[in-house]
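Trainee:
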Amino acid sequence: QKEVEQNSGPLSVPEGAIASLNCTYSDRGSQSFFWYRQYSGKSPELIMFIYSNGDKEDGRFTAQLNKASQYVSLLIRDSQPSDSATYLCAVNPNYGGSQGNLIFGKGTKLSVKP
Amino acid sequence: DTEVTQTPKHLVMGMTNKKSLKCEQHMGHRAMYWYKQKAKKPPELMFVYSYEKLSINESVPSRFSPECPNSSLLNLHLHALQPEDSALYLCASSQEGGGWGNEQFFGPGTRLTVL
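Sequences listed follow chains A and B, in order.
So the first sequence is residues 1 to 114, counted in the working numbering.
So the second sequence is residues 1001 to 1115, counted in the working numbering.
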């Protein structure tokens, strides 16, 4: 059974702090990793994707991937109250020409306090 | 343009009704997906269409019937649903069905209530 694990939270951080969200996955052959942000009552919004080991930065967001440890994380710098949402980690366990089905973690609820 | 549109936004139906959900994308993506999401749960994959052909059916009951009329459109036909089918139904699309470039973009969803 391929699994993606996330701490459900809630994770509470003060405004301006760094929020660190973590995700582990069970399928060592996984190649593609995604972070989605979902506000209450809305649909998931893709905010980061990463395919290679290391860090990938986009604005205040940094995705980190360590395939040896089967671990992917999302750092949000200078957290804002508008970042309060559920963050879903998703993994594509297949590669090249396959079906692209994503396996989602259960999500981490982030609360940024003013 | 990274927009996936879905209609209707909200739908209330009885258990004997037949209704359809519609999804459209104009990003030239060749893979389209239906997901079901219950409150406080992650999205659950229902169907995948790749190049207009059904490639994955995640053992979804036959009261849900997908259709892909062309590469931009995806429908989900609903018939004889149960109250437990009430959920947010999400459509997504991606450039390809797997490998690189398979970032999935979600539409706003249809909130379905079955009475």
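Glycine included, C-beta positions come from ideal geometry on N, C-alpha and C.
#1: Just the chain A side, please: which residues come within less than 7 Å of F1105 of chain B by C-beta, in chain order?
#2: Give the secondary structure of V1114 of chain B by DSSP, where H, G and I count as helix, E and B as strand, and everything else as coil.
#3: Near N22 of chain A, which residues of its chain fall below 6 Å by C-beta distance, leaving aside the five closest residues on each side in sequence?
#4: Measuring CA to CA, which of B:A1080, B:M1015, B:P1042 is closest to S1062 of chain B?
#5: Going along chain B in order, which residues have a C-beta closer than 7 Å to the C-beta of E61 of chain A?
#6: Closer than 7 Å by beta-carbon distance: list the chain A residues that pair up with P1042 of chain B, in chain order.
#7: For V72 of chain A, which beta-bridge partners are listed by DSSP?
#8: Return no unless some Cβ of chain A is closer than 9 Å to the Cβ of L1090 of chain B.
#9: Using DSSP bridges, identify the partner residues of K113 of chain A.
#10: With distance defined between alpha-carbon atoms, name the residue in B:Y1089, B:Q1104, B:L1090 nearest to E1096 of chain B.
Mentor: The short version:
#1: Locating residue 1105 of chain B in the second sequence gives position 105, where the first residue counts as 1. Result: L46.
#2: Indexing the second sequence from 1 puts residue 1114 of chain B at position 114. DSSP places V1114 of chain B in strand when its eight states are reduced to three.
#3: Here residue 22 of chain A refers to the residue found at position 22 of the first sequence. For N22 of chain A, where only same-chain residues beyond five positions count, the Cβ hits under 6 Å are S73.
#4: The residue you call residue 1062 of chain B lines up with position 62 of the second sequence. If we check each option's Cα against that of S1062 of chain B, B:A1080 comes out closest.
#5: If you number the first sequence from 1, residue 61 of chain A lands on position 61. Sequence inspection shows Phe at residue 61 of chain A; the Glu mentioned does not correspond to that position. Residues of chain B passing the Cβ test: none, with the nearest at roughly 15 Å.
#6: Working through the second sequence from its first residue, we reach residue 1042 of chain B at position 42. L88, F104, G105, K106, G107, listed in chain order.
#7: Position 72 of the first sequence, counting from 1, holds the residue named residue 72 of chain A. V72 of chain A pairs with A:C23, A:L65.
#8: Along the second sequence, read from residue 1 onward, the residue named residue 1090 of chain B stands at position 90. Yes - at least one Cβ of chain A is within 9 Å of the one on L1090 of chain B.
#9: Along the first sequence, one-based indexing puts residue 113 of chain A at 113. Answer is A:P14.
#10: As a first step, residue 1096 of chain B must be located in the second sequence, where it is residue number 96. Of the listed residues, the one whose Cα sits closest to E1096 of chain B is B:Q1104.
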